[in-house]
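Structure record follows, encoded as structure tokens.
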Amino acid sequence: MRPVLATTVAAMVAALTALVLGEYEFSGLVPIVAGVGVGLVIGEVFDSLGRWRGPLPATLAALLAGGSLAWGAWIDSGQGLEPYPPMAWLAVALGVVTGAARVAPRRRKHRASTDARAPG
27 MRPVLATTVA AMVAALTALV LGEYEFSGLV PIVAGVGVGL VIGEVFDSLG RWRGPLPATL
87 AALLAGGSLA WGAWIDSGQG LEPYPPMAWL AVALGVVTGA ARVAPRRRKH RASTDARAPG
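Take the sequence shown: its position 116, counted from the start at 1, is 142 in this note's numbering, and no numbers get skipped.
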């Protein structure tokens, strides 16, 4: 049940984020901050609310973050009437990478064997 709730909330956050970001110009530091921020927030929804990490939530977080940023940039461009902001592609890329990295499976540290016994 938690994964379904996390996916639903993350989709709602992505939609709201796109609508808010559409009101801002994708220039200067905005694309960098927006890309990293959206990726982290959506990834955090999967990790905290859903307690769900792995390849599937990482893919979903990447798609939702990238889609949210692309939609926001499309709104910023006058819904296609003006040129698409070039820095928006940077925001989308950062959102995809950050969202996926936030919920990617954790790497396990390999420990040296603590067994002091001699073999055999």
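Just so it is clear, CB atoms sit at the ideal spot from N, CA and C, and this is done for glycine as well.
Item: Can you tell me whether DSSP reads A130 as helix, strand or coil?; Value: coil
Item: Kindly indicate which three-state DSSP category M27 falls into: helix, strand or coil?; Value: coil
Item: Measuring straight from C-alpha to C-alpha, what distance separates G121 and G63?; Value: 7 Å
Item: Could you spell out where the alpha helix (DSSP H) holding G63 opens and where it closes?; Value: 56–70
Item: What is the rounded straight-line gap between the Cα of G48 and the Cα of D102?; Value: 5 Å
Item: Please look up how many angstroms separate the CB atoms of L116 and I58, rounded, as I've assumed it's under 8 Å.; Value: 7 Å
Item: Span of the alpha helix (DSSP H) holding L86?; Value: 81–102
Item: Measure the C-alpha to C-alpha separation of G93 and R133 and round it to an integer number of angstroms.; Value: 27 Å
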